[in-house]
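Okay, so the sequence shown: first residue is 1 according to my numbering, each after it adds one. Yeah, the Cβ is synthetic: ideal placement off N, Cα and C, and Gly gets one too. Comments concern the structure below.
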Amino acid sequence: GASSAQPKSHATEVVLLMSSLPDESSALVKQAVRTLPGTSVVKSWSASATHIITEPIDFCGKRLASRTLKHLCGILSGQWIVSSAWVRASLEQGAWVPEESYELDGDMSTSGQHGPSKGRAAHVAGASAIFRGLRIYLHGKFAHPSPSKPQLLELLGLGGASICASLGSLQNEAIRSGGVSVFAMCDGEELSADFCAKCVQLRIPILSPKWLMDSISHVTCLDFSAADSEFRLDTARLGATESKSISDL
């Protein structure tokens with residue numbers, strides 16, 4: 001029945017991960033580790049984490065998080081992403097209380113698309129990873145403020161994508177698959193006319209990292225097929241410049 005879906009207590013270990021927490025809330029997490037049985041904390045993102053604790057921003061009636069790497073990894077892994085108020089309430093009760101009313105509604109970057117609850121539901125249902133079947137080549141260094149290349153690789157890996165080590169291997173994949181689900185990703189600051197021309201010739205779309213992050217926030221592989229898609233760097237720049245680099249992203 002419906003009552004069986006309601007968590008009564010935590011029989012398993014609770015592993016907490018803090019994301020963008022102020023000192024006061026960090027102290028609550030440390031207190032929970034000391035006082036609530038079976039509770040531990042990890043410092044960096046890990047698949048072993050069960051709950052990501054963050055400080056929500058209230059925006060138009062929604063509780064939103066900063067879109068950190070931990071937040072995105074948590075969505076892809078089906079982890080709970082909850083407010084620090086959950087820790088506070090649990091400490092007051094002397095035991096972990098049900099999480100649902102403390103779960104965040106999404107992130108500030110996409111104004112709340114219920115990524116945390118959608119990610120959990122997909123994980124529980126055993127749904128396919130959202131980037132499964134996609135083949136991608138990362139071009140360039142991906143300098144700040146873009147996520148770094150290792151961060152992008154981690155997100156793509158968690159999302160089930162296959163990584164191509166070079167444009168040549170991506171080209172081979174494009175030929176083998178008829179061009180389906182094959183694309184390059186590039187920091188707009190590093191998109192040279194030469195690389196763009198090669199991808200256009202091979203009919204390989206070039207996407208910005210924003211496509212990856214927004215797709216995770218929505219827990220779905222967002223469509224980028226339209227030539228005027230905000231995620232496309234190739235069609236947006238085609239014929240727009242003859243310079244070697246493009247810096248007006």
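- For Val-14 and Glu-230, the gap between their C-alpha atoms comes out near 40 Å.
- Under the Cβ criterion (8 Å, minimum of three pairs), the segment 153–169 does not count as touching the segment 101–110.
- Segment contact: the segment 180–194 against the segment 116–128, fewer than three CB-CB distances shorter than 8 Å; contact not assigned.
- Counting along the chain, Leu-91 sits inside the alpha helix (DSSP H) bounded by residues 84–93.
- With contact defined as three or more Cβ pairs closer than 8 Å, the segment 28–41 and the segment 79–98 are in contact.
- If you compare the alpha carbons of Glu-190, Ser-146 and Leu-72 with that of Ile-52, the shortest gap goes to Leu-72.
- Using a Cβ-Cβ distance cut-off of 8 Å, the segment 216–236 and the segment 200–208 are in contact, since at least three pairs of beta carbons, one from each stretch, lie closer than that value.
- Note on geometry: alpha-carbon atoms of Ala-122 and His-114 lie some 12 Å from one another.
- Per DSSP, reduced to three states, the secondary structure at His-144 is coil, with no helix or strand assignment.
- Residue burial annotation: His-144 is exposed, with fewer than 16 other C-beta atoms found within 10 angstroms of its C-beta.
- Within the segment 16–90, the runs of beta strand (DSSP E) at least 3 residues long that lie entirely inside it are, in chain order, 39–42, 51–54, 57–59, 62–65 and 80–83.
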